[in-house]
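Read through the structure below, which is laid out as C-alpha coordinates, and then see the notes.
Numbering (my numbering), first residue to last: 10 to 375.
Here's what the structure looks like:
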(Lines of atoms letter the chains of each structure in order from A and count residues from 1; the text may use other names and numbers.)
(Lines give C-alpha, C1' and ligand atoms only; values in the text may rest on other atoms or scores of the structure.)
Protein backbone atom coordinates (compact mmCIF):
# COMPACT_ATOMS: atom_id res chain seq x y z
CA UNK A 1 0.00 0.00 0.00
CA UNK A 2 1.15 3.52 -0.80
CA UNK A 3 -0.34 6.85 0.27
CA UNK A 4 0.29 10.47 -0.62
CA UNK A 5 -1.11 13.82 0.57
CA UNK A 6 -1.55 17.01 -1.46
CA UNK A 7 -2.80 20.46 -0.34
CA UNK A 8 -3.35 23.67 -2.29
CA UNK A 9 -4.58 27.15 -1.40
CA UNK A 10 -4.86 28.46 -4.94
CA UNK A 11 -7.86 30.76 -5.40
CA UNK A 12 -9.01 29.20 -8.65
CA UNK A 13 -10.85 25.89 -8.15
CA UNK A 14 -9.35 24.11 -11.17
CA UNK A 15 -5.82 25.18 -10.30
CA UNK A 16 -6.25 24.25 -6.63
CA UNK A 17 -7.54 20.77 -7.45
CA UNK A 18 -4.80 20.15 -10.01
CA UNK A 19 -2.10 21.29 -7.59
CA UNK A 20 -3.43 19.20 -4.69
CA UNK A 21 -3.77 16.11 -6.86
CA UNK A 22 -0.33 16.63 -8.38
CA UNK A 23 1.07 16.24 -4.88
CA UNK A 24 -0.53 12.85 -4.32
CA UNK A 25 -0.71 11.10 -7.71
CA UNK A 26 2.00 8.94 -9.24
CA UNK A 27 3.06 9.80 -12.79
CA UNK A 28 2.69 6.18 -13.90
CA UNK A 29 -0.53 5.10 -12.19
CA UNK A 30 -3.83 6.52 -10.98
CA UNK A 31 -4.83 5.84 -7.35
CA UNK A 32 -7.20 3.06 -6.37
CA UNK A 33 -9.06 5.67 -4.29
CA UNK A 34 -8.62 9.41 -3.79
CA UNK A 35 -10.28 11.24 -0.89
CA UNK A 36 -10.70 14.96 -1.56
CA UNK A 37 -11.98 17.77 0.65
CA UNK A 38 -12.32 21.45 -0.10
CA UNK A 39 -13.19 24.58 1.86
CA UNK A 40 -14.00 28.12 0.85
CA UNK A 41 -15.95 29.66 -2.00
CA UNK A 42 -15.03 27.24 -4.79
CA UNK A 43 -18.02 26.08 -6.82
CA UNK A 44 -18.81 22.42 -6.16
CA UNK A 45 -19.27 21.71 -9.86
CA UNK A 46 -15.91 23.27 -10.70
CA UNK A 47 -14.15 21.13 -8.08
CA UNK A 48 -15.84 17.97 -9.32
CA UNK A 49 -15.05 18.70 -12.96
CA UNK A 50 -11.39 19.34 -12.13
CA UNK A 51 -11.18 16.09 -10.15
CA UNK A 52 -12.81 14.16 -12.99
CA UNK A 53 -10.41 15.60 -15.56
CA UNK A 54 -7.35 14.58 -13.56
CA UNK A 55 -8.50 11.23 -12.15
CA UNK A 56 -10.09 10.02 -15.41
CA UNK A 57 -12.53 7.47 -13.98
CA UNK A 58 -10.40 6.38 -11.04
CA UNK A 59 -12.61 6.13 -7.92
CA UNK A 60 -12.76 9.27 -5.80
CA UNK A 61 -14.94 10.63 -3.02
CA UNK A 62 -15.11 13.99 -1.30
CA UNK A 63 -17.07 16.95 -0.05
CA UNK A 64 -17.11 20.54 1.10
CA UNK A 65 -16.06 21.02 4.72
CA UNK A 66 -15.58 24.04 6.99
CA UNK A 67 -11.78 24.12 6.79
CA UNK A 68 -8.60 22.11 6.32
CA UNK A 69 -6.06 22.08 9.12
CA UNK A 70 -2.43 21.14 9.63
CA UNK A 71 -0.34 21.35 12.80
CA UNK A 72 -0.03 25.13 12.64
CA UNK A 73 -2.60 26.40 10.14
CA UNK A 74 -6.34 26.41 9.54
CA UNK A 75 -7.13 26.92 5.86
CA UNK A 76 -10.55 28.46 5.27
CA UNK A 77 -9.91 28.18 1.52
CA UNK A 78 -8.16 25.23 -0.03
CA UNK A 79 -8.19 21.69 -1.39
CA UNK A 80 -6.68 18.66 0.33
CA UNK A 81 -6.38 15.17 -1.13
CA UNK A 82 -5.25 11.74 0.08
CA UNK A 83 -4.47 9.04 -2.49
CA UNK A 84 -4.44 5.30 -1.75
CA UNK A 85 -2.64 2.72 -3.89
CA UNK A 86 -2.73 -1.05 -3.53
CA UNK A 87 -6.27 -1.27 -2.16
CA UNK A 88 -9.74 -1.90 -3.57
CA UNK A 89 -12.59 0.60 -3.30
CA UNK A 90 -16.08 1.22 -4.59
CA UNK A 91 -18.05 4.46 -4.29
CA UNK A 92 -21.73 5.34 -4.28
CA UNK A 93 -23.50 8.70 -4.61
CA UNK A 94 -27.09 8.63 -3.35
CA UNK A 95 -29.92 11.15 -3.42
CA UNK A 96 -31.70 11.40 -0.07
CA UNK A 97 -35.27 11.94 1.07
CA UNK A 98 -35.76 13.30 4.59
CA UNK A 99 -38.98 11.34 4.88
CA UNK A 100 -37.25 7.99 4.37
CA UNK A 101 -33.70 8.46 5.64
CA UNK A 102 -33.54 4.99 7.20
CA UNK A 103 -34.72 3.31 4.00
CA UNK A 104 -32.23 5.33 1.95
CA UNK A 105 -29.51 4.07 4.25
CA UNK A 106 -30.64 0.48 3.81
CA UNK A 107 -30.35 0.88 0.04
CA UNK A 108 -26.76 2.11 0.26
CA UNK A 109 -25.48 -1.19 1.65
CA UNK A 110 -26.24 -3.42 -1.37
CA UNK A 111 -24.91 -0.73 -3.72
CA UNK A 112 -21.55 -0.75 -1.93
CA UNK A 113 -21.08 -4.39 -0.96
CA UNK A 114 -22.45 -7.49 -2.68
CA UNK A 115 -23.64 -10.48 -0.69
CA UNK A 116 -20.24 -12.19 -0.83
CA UNK A 117 -18.44 -9.30 0.88
CA UNK A 118 -18.36 -9.73 4.63
CA UNK A 119 -16.03 -6.99 5.80
CA UNK A 120 -14.50 -3.64 4.93
CA UNK A 121 -14.67 -0.02 6.01
CA UNK A 122 -17.41 2.39 4.95
CA UNK A 123 -16.49 6.06 4.58
CA UNK A 124 -19.65 8.18 4.80
CA UNK A 125 -20.02 11.84 3.88
CA UNK A 126 -23.64 12.82 4.60
CA UNK A 127 -25.18 16.30 4.21
CA UNK A 128 -25.11 18.41 7.35
CA UNK A 129 -28.47 19.91 6.39
CA UNK A 130 -30.21 16.55 6.79
CA UNK A 131 -31.48 16.46 10.37
CA UNK A 132 -32.03 12.70 10.07
CA UNK A 133 -28.36 11.79 9.62
CA UNK A 134 -28.60 9.34 12.52
CA UNK A 135 -31.47 7.45 10.86
CA UNK A 136 -29.51 7.34 7.60
CA UNK A 137 -26.48 5.87 9.38
CA UNK A 138 -28.65 3.32 11.19
CA UNK A 139 -30.08 2.21 7.86
CA UNK A 140 -26.62 1.62 6.41
CA UNK A 141 -25.61 -0.34 9.50
CA UNK A 142 -28.83 -2.38 9.49
CA UNK A 143 -27.95 -3.71 6.04
CA UNK A 144 -24.19 -4.20 6.33
CA UNK A 145 -23.92 -5.10 10.01
CA UNK A 146 -21.15 -5.22 12.62
CA UNK A 147 -18.44 -6.84 10.49
CA UNK A 148 -17.88 -3.53 8.71
CA UNK A 149 -16.24 -0.42 10.16
CA UNK A 150 -17.78 3.03 9.74
CA UNK A 151 -16.31 6.52 9.77
CA UNK A 152 -16.75 9.91 8.13
CA UNK A 153 -18.00 13.44 8.64
CA UNK A 154 -20.77 15.87 7.78
CA UNK A 155 -20.35 17.91 4.58
CA UNK A 156 -22.24 20.66 2.77
CA UNK A 157 -21.72 19.20 -0.70
CA UNK A 158 -20.78 15.69 -1.77
CA UNK A 159 -19.23 14.05 -4.82
CA UNK A 160 -17.78 10.87 -6.30
CA UNK A 161 -16.53 10.04 -9.79
CA UNK A 162 -20.23 9.50 -10.67
CA UNK A 163 -21.29 13.11 -10.02
CA UNK A 164 -22.02 15.63 -7.30
CA UNK A 165 -24.90 16.67 -5.05
CA UNK A 166 -25.62 19.29 -2.42
CA UNK A 167 -27.94 17.21 -0.22
CA UNK A 168 -27.00 13.58 -0.89
CA UNK A 169 -24.70 10.95 0.54
CA UNK A 170 -21.26 10.10 -0.82
CA UNK A 171 -20.00 6.75 0.46
CA UNK A 172 -17.07 4.46 -0.26
CA UNK A 173 -16.39 0.86 0.64
CA UNK A 174 -12.66 0.51 1.31
CA UNK A 175 -11.08 -2.95 1.40
CA UNK A 176 -7.54 -4.28 1.91
CA UNK A 177 -6.89 -1.61 4.54
CA UNK A 178 -6.71 -2.20 8.28
CA UNK A 179 -8.22 0.69 10.26
CA UNK A 180 -8.17 1.69 13.90
CA UNK A 181 -10.57 4.37 15.15
CA UNK A 182 -11.07 6.52 18.21
CA UNK A 183 -13.56 9.29 18.92
CA UNK A 184 -14.15 11.61 21.85
CA UNK A 185 -15.23 15.12 22.76
CA UNK A 186 -14.37 16.02 26.36
CA UNK A 187 -17.90 17.09 27.28
CA UNK A 188 -19.25 16.01 30.67
CA UNK A 189 -22.82 15.68 32.01
CA UNK A 190 -24.02 17.81 34.90
CA UNK A 191 -27.28 18.26 36.73
CA UNK A 192 -30.06 15.71 36.76
CA UNK A 193 -30.99 13.72 33.63
CA UNK A 194 -34.16 14.74 31.79
CA UNK A 195 -36.67 12.70 29.82
CA UNK A 196 -37.63 13.92 26.34
CA UNK A 197 -41.39 13.69 26.76
CA UNK A 198 -42.33 15.40 23.48
CA UNK A 199 -40.15 15.85 20.42
CA UNK A 200 -40.40 15.77 16.66
CA UNK A 201 -37.27 15.24 14.62
CA UNK A 202 -34.80 17.91 15.79
CA UNK A 203 -37.27 19.88 17.90
CA UNK A 204 -37.70 19.23 21.62
CA UNK A 205 -41.01 20.58 22.90
CA UNK A 206 -41.05 19.08 26.40
CA UNK A 207 -38.51 17.81 28.92
CA UNK A 208 -39.89 15.96 31.96
CA UNK A 209 -43.37 17.04 30.88
CA UNK A 210 -42.47 20.73 31.05
CA UNK A 211 -41.77 23.26 28.28
CA UNK A 212 -38.29 22.37 27.05
CA UNK A 213 -36.66 25.81 27.40
CA UNK A 214 -38.05 26.30 30.91
CA UNK A 215 -36.82 22.90 32.09
CA UNK A 216 -33.42 23.45 30.46
CA UNK A 217 -32.98 26.78 32.26
CA UNK A 218 -34.21 25.36 35.56
CA UNK A 219 -31.57 22.61 35.57
CA UNK A 220 -28.79 25.11 34.85
CA UNK A 221 -30.02 27.45 37.57
CA UNK A 222 -30.18 24.59 40.08
CA UNK A 223 -26.51 23.80 39.49
CA UNK A 224 -25.00 27.19 38.69
CA UNK A 225 -27.50 29.58 40.26
CA UNK A 226 -27.48 31.72 37.12
CA UNK A 227 -29.27 32.13 33.82
CA UNK A 228 -27.46 31.50 30.53
CA UNK A 229 -27.74 32.16 26.83
CA UNK A 230 -28.89 28.77 25.56
CA UNK A 231 -27.24 29.21 22.15
CA UNK A 232 -23.79 30.35 23.32
CA UNK A 233 -22.42 26.78 22.92
CA UNK A 234 -21.21 26.51 26.54
CA UNK A 235 -23.98 24.05 27.39
CA UNK A 236 -25.38 21.34 25.13
CA UNK A 237 -27.44 18.19 25.40
CA UNK A 238 -26.00 14.70 25.66
CA UNK A 239 -27.57 11.31 24.93
CA UNK A 240 -26.05 8.27 26.72
CA UNK A 241 -24.60 5.79 24.21
CA UNK A 242 -22.99 3.12 26.42
CA UNK A 243 -19.98 2.63 28.68
CA UNK A 244 -20.59 5.98 30.32
CA UNK A 245 -20.15 7.85 27.03
CA UNK A 246 -22.45 10.48 25.52
CA UNK A 247 -23.30 11.75 22.06
CA UNK A 248 -23.49 15.55 22.16
CA UNK A 249 -26.30 17.33 20.34
CA UNK A 250 -25.92 21.06 19.70
CA UNK A 251 -28.84 23.33 20.50
CA UNK A 252 -28.72 25.72 17.55
CA UNK A 253 -31.64 28.01 18.39
CA UNK A 254 -34.72 28.59 20.52
CA UNK A 255 -38.25 28.98 19.16
CA UNK A 256 -40.60 30.12 21.94
CA UNK A 257 -40.29 27.24 24.46
CA UNK A 258 -38.82 24.80 21.91
CA UNK A 259 -35.19 23.70 21.70
CA UNK A 260 -34.05 23.23 18.09
CA UNK A 261 -31.09 20.85 17.80
CA UNK A 262 -28.60 20.20 15.02
CA UNK A 263 -29.90 16.66 14.53
CA UNK A 264 -32.81 14.43 15.41
CA UNK A 265 -33.57 13.74 19.09
CA UNK A 266 -35.56 10.53 19.72
CA UNK A 267 -38.70 10.96 21.85
CA UNK A 268 -38.54 9.20 25.23
CA UNK A 269 -34.75 9.38 25.24
CA UNK A 270 -32.88 10.42 28.35
CA UNK A 271 -30.71 13.52 27.97
CA UNK A 272 -28.33 15.42 30.22
CA UNK A 273 -26.93 18.90 30.08
CA UNK A 274 -23.28 18.83 28.98
CA UNK A 275 -20.40 21.22 29.51
CA UNK A 276 -16.65 21.18 28.94
CA UNK A 277 -13.38 22.70 30.08
CA UNK A 278 -11.89 24.53 27.10
CA UNK A 279 -8.29 24.39 28.43
CA UNK A 280 -8.59 20.59 28.66
CA UNK A 281 -9.62 20.01 25.02
CA UNK A 282 -6.09 19.91 23.52
CA UNK A 283 -5.01 17.26 26.04
CA UNK A 284 -8.13 15.24 25.26
CA UNK A 285 -7.34 15.48 21.54
CA UNK A 286 -3.84 14.18 22.26
CA UNK A 287 -5.22 11.20 24.18
CA UNK A 288 -7.74 10.31 21.45
CA UNK A 289 -5.02 10.44 18.79
CA UNK A 290 -2.61 8.35 20.88
CA UNK A 291 -5.27 5.69 21.46
CA UNK A 292 -6.05 5.42 17.75
CA UNK A 293 -2.38 5.27 16.78
CA UNK A 294 -1.30 2.70 19.37
CA UNK A 295 -4.14 0.37 18.31
CA UNK A 296 -2.73 0.09 14.78
CA UNK A 297 0.05 -2.44 14.10
CA UNK A 298 1.39 -0.78 10.95
CA UNK A 299 0.09 2.80 10.49
CA UNK A 300 0.57 4.39 7.07
CA UNK A 301 -1.85 7.34 7.06
CA UNK A 302 -4.37 9.21 9.22
CA UNK A 303 -7.69 10.92 8.52
CA UNK A 304 -8.83 13.43 11.14
CA UNK A 305 -12.47 14.51 11.28
CA UNK A 306 -12.60 17.34 13.83
CA UNK A 307 -15.98 19.01 14.37
CA UNK A 308 -15.71 22.65 13.30
CA UNK A 309 -17.43 23.71 16.54
CA UNK A 310 -14.27 22.73 18.46
CA UNK A 311 -12.28 25.30 16.50
CA UNK A 312 -15.09 27.83 16.98
CA UNK A 313 -15.04 27.30 20.76
CA UNK A 314 -11.27 27.37 21.20
CA UNK A 315 -10.63 30.17 18.70
CA UNK A 316 -6.90 30.95 18.48
CA UNK A 317 -6.20 28.26 21.09
CA UNK A 318 -7.32 25.59 18.62
CA UNK A 319 -3.70 25.52 17.45
CA UNK A 320 -2.86 23.69 20.70
CA UNK A 321 -5.30 20.94 19.72
CA UNK A 322 -4.02 20.70 16.14
CA UNK A 323 -0.39 20.71 17.29
CA UNK A 324 -1.08 17.93 19.77
CA UNK A 325 -2.74 15.82 17.08
CA UNK A 326 0.05 16.23 14.54
CA UNK A 327 2.80 15.88 17.15
CA UNK A 328 1.48 12.44 18.09
CA UNK A 329 1.22 11.40 14.43
CA UNK A 330 4.73 12.59 13.61
CA UNK A 331 5.64 12.01 9.95
CA UNK A 332 2.51 9.98 9.22
CA UNK A 333 0.71 11.37 6.12
CA UNK A 334 -2.34 13.06 7.63
CA UNK A 335 -5.49 14.57 6.15
CA UNK A 336 -7.05 16.90 8.73
CA UNK A 337 -10.45 18.52 8.15
CA UNK A 338 -12.90 20.58 10.17
CA UNK A 339 -16.23 18.98 9.33
CA UNK A 340 -19.86 19.37 10.40
CA UNK A 341 -20.02 16.56 12.95
CA UNK A 342 -18.13 13.27 12.83
CA UNK A 343 -19.12 9.62 12.31
CA UNK A 344 -17.39 6.79 14.14
CA UNK A 345 -18.20 3.36 15.52
CA UNK A 346 -16.37 2.91 18.85
CA UNK A 347 -18.94 0.39 20.10
CA UNK A 348 -19.44 -1.34 16.74
CA UNK A 349 -22.58 0.65 15.88
CA UNK A 350 -21.86 3.89 13.96
CA UNK A 351 -22.98 7.13 15.60
CA UNK A 352 -23.10 10.76 14.51
CA UNK A 353 -21.19 13.00 16.92
CA UNK A 354 -21.26 16.76 17.42
CA UNK A 355 -18.41 18.54 19.22
CA UNK A 356 -16.20 15.48 18.66
CA UNK A 357 -12.77 14.59 17.32
CA UNK A 358 -12.66 11.38 15.27
CA UNK A 359 -9.25 9.88 14.44
CA UNK A 360 -8.89 7.11 11.86
CA UNK A 361 -5.54 5.40 11.29
CA UNK A 362 -5.10 3.27 8.17
CA UNK A 363 -2.47 0.84 6.98
CA UNK A 364 -1.68 -2.80 6.50
CA UNK A 365 -2.27 -5.45 9.15
CA UNK A 366 0.59 -7.64 10.29
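For each residue, glycine too, the CB sits at the ideal point set by N, CA and C.
Everything numeric in this text was worked out from a predicted model, so none of it was measured.
When burial is assigned at 16 or more other CB atoms within 10 Å of the CB, is residue i buried or exposed?
i, result
"residue 50", "exposed"
"residue 167", "buried"
"residue 6", "Nothing about residue 6 can be read from this structure; the chain reaches only from 10 to 375."
"residue 101", "buried"
"residue 264", "exposed"
"residue 364", "buried"
"residue 288", "exposed"
"residue 123", "exposed"
"residue 158", "buried"
"residue 81", "exposed"
"residue 335", "buried"
"residue 245", "buried"
"residue 359", "buried"
"residue 339", "exposed"
"residue 27", "buried"
"residue 104", "exposed"
"residue 273", "buried"
"residue 174", "buried"
"residue 330", "buried"
"residue 281", "buried"
"residue 37", "exposed"
"residue 177", "buried"
"residue 247", "buried"
"residue 357", "exposed"
"residue 333", "buried"
Just how far apart, CA to CA, sit residue i and residue j?
i, j, result
"residue 279", "residue 271", "17 angstroms"
"residue 362", "residue 135", "13 angstroms"
"residue 12", "residue 41", "10 angstroms"
"residue 106", "residue 91", "30 angstroms"
"residue 118", "residue 149", "6 angstroms"
"residue 368", "residue 195", "14 angstroms"
"residue 65", "residue 251", "44 angstroms"
"residue 189", "residue 261", "32 angstroms"
"residue 257", "residue 147", "17 angstroms"
"residue 21", "residue 232", "52 angstroms"
"residue 223", "residue 213", "12 angstroms"
"residue 63", "residue 77", "21 angstroms"
"residue 285", "residue 197", "6 angstroms"
"residue 17", "residue 315", "20 angstroms"
"residue 121", "residue 230", "49 angstroms"
"residue 141", "residue 352", "13 angstroms"
"residue 341", "residue 312", "10 angstroms"
"residue 46", "residue 227", "42 angstroms"
"residue 253", "residue 309", "31 angstroms"
"residue 243", "residue 259", "10 angstroms"
"residue 35", "residue 292", "37 angstroms"
"residue 295", "residue 328", "12 angstroms"
"residue 155", "residue 355", "11 angstroms"
"residue 43", "residue 59", "13 angstroms"
"residue 89", "residue 201", "43 angstroms"
"residue 14", "residue 25", "14 angstroms"
"residue 269", "residue 152", "30 angstroms"
"residue 4", "residue 249", "The structure shown does not extend to residue 4, since the chain spans only 10 to 375, so no value can be given for it."
Could you have a look at residue i and say whether DSSP puts it in helix, strand or coil?
i, result
"residue 254", "strand"
"residue 51", "coil"
"residue 317", "helix"
"residue 186", "coil"
"residue 244", "coil"
"residue 38", "coil"
"residue 219", "strand"
"residue 224", "helix"
"residue 209", "strand"
"residue 118", "helix"
"residue 105", "coil"
"residue 28", "helix"
"residue 229", "helix"
Sufficient close CB pairs (3 or more, under 8 angstroms) joining the stretch 210 to 228 to the stretch 120 to 133: no
Answer yes if the stretch 162 to 180 comes into contact with the stretch 85 to 96, meaning at least three C-beta pairs across the two stretches below 8 angstroms, and no otherwise. no
Assess contact between the stretch 310 to 320 and the stretch 343 to 356, defined as three or more Cβ pairs (one per stretch) separated by less than 8 angstroms. Is contact present? yes
Count the C-beta pairs between the stretch 176 to 188 and the stretch 92 to 110 that are closer than 8 angstroms, then say yes if the count reaches three, no if not. yes
Should the stretch 296 to 314 be called in touch with the stretch 366 to 375, which here means at least 3 C-beta pairs below 8 angstroms? yes
What residue ranges within the stretch 132 to 175 form continuous alpha helix (DSSP H) runs of no fewer than 4 residues, ordered along the chain? 142 to 153
Of all the alpha helix (DSSP H) runs that stay within the bounds of the stretch 55 to 91, which reach a length of 4 or more residues? none
So does the stretch 110 to 117 actually touch the stretch 205 to 215, counting three or more Cβ pairs closer than 8 angstroms? no
At 4 residues or longer, and completely inside the stretch 258 to 311: list those alpha helix (DSSP H) runs for me, N to C. 290 to 303
Are three or more beta carbon pairs between the stretch 168 to 179 and the stretch 60 to 75 nearer than 8 angstroms? yes
Runs of alpha helix (DSSP H) wholly within the stretch 318 to 375 (minimum 4 residues, chain order): 327 to 338
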